[in-house]
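Chemist:
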Amino acid sequence: MHKTRTQTIELHPLAPPKPDFGATCNGCGFCCAAEPCPVAYLFLFQFKGRCRALLWQNELNRYVCGMVVCPDQYVKLIPQRVRKRMGRFFASRISAGSGCDFAAEVINTKI
Ligand code: SF4
Ligand code: SF4
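Residue numbers (the numbering used here): 3 to 113.
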């Protein structure tokens, strides 16, 4: 039988609502606040909980992946001079720019 799991996550009050599965990613942050992705497993050694690279951007009113924007802030072995190149690499690994791939249903939101 298919088990349902519920989880409470906290997000920025100005974060946009989660779009439908497959719709354009709007940076709502639900996915990365719920669990880390394979990039976080491999490069941040984070296997559960809110990803520590989930980064709120005030000027954009959305979350972004810190491993795309400033990976050197999270992985000390990455020199700042290769920040952009490594950011592009991580962007390709997480399929940034493609549709929302987080299938969870948001059942309640509180501010
Ligand atoms: S992939 Fe989906 S859940 Fe994750 S930030 Fe983008 S829109 Fe939100
Ligand atoms: S590494 Fe980036 S895409 Fe992956 S869970 Fe963390 S913030 Fe999200």
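Here a beta-carbon is modelled for each residue, glycine too, at the ideal position from N, C-alpha and C.
1) Measuring only the C-alpha atoms, how far is residue 101 from residue 83?
2) So which residues put a beta carbon under 5 Å from any heavy atom of ligand 2, going in chain order?
3) What are the boundary residues of the alpha helix (DSSP H) that includes residue 33?
4) What does a CB cutoff of less than 7 Å around residue 42 pick up in its chain, not counting 5 residues either side in sequence?
5) Can you name, in chain order, every residue of its own chain whose Cβ lies under 6 Å from the Cβ of residue 58, other than the five neighbours on each side?
6) The beta strand (DSSP E) with residue 43 in it runs from where to where?
7) Look up residue 59 in the DSSP assignment and give the residues it is bridged to.
8) Determine the closest residue to residue 106 out of 12, 33 and 26, with distance taken between C-alpha atoms.
9) Within 10 angstroms of the Cβ of residue 23, are there 16 or more other Cβ atoms? Answer buried if so, exposed if not.
10) Check each candidate in 75, 92 and 99 and name the one with the smallest Cα separation from residue 40.
11) Under the DSSP definition of a beta bridge, which residues are partnered with residue 29?
Modeler: The structure says:
1) Distance between the alpha carbons of residue 101 and residue 83 is about 30 Å.
2) 34, 38, 39, 41, 42, 53, 55, 56, 67, 69 and 96
3) 32-36
4) Once the five neighbours on either side are set aside, the close Cβ partners of residue 42 are 48, 53 and 55.
5) 14 and 65
6) Residue 43 -> not in any beta strand (DSSP E); alpha helix (DSSP H) instead, spanning 40-46.
7) 64
8) Ranking the options by Cα distance to residue 106, first place goes to 33.
9) exposed
10) 92
11) Beta-bridge pairing links residue 29 to no other residue.
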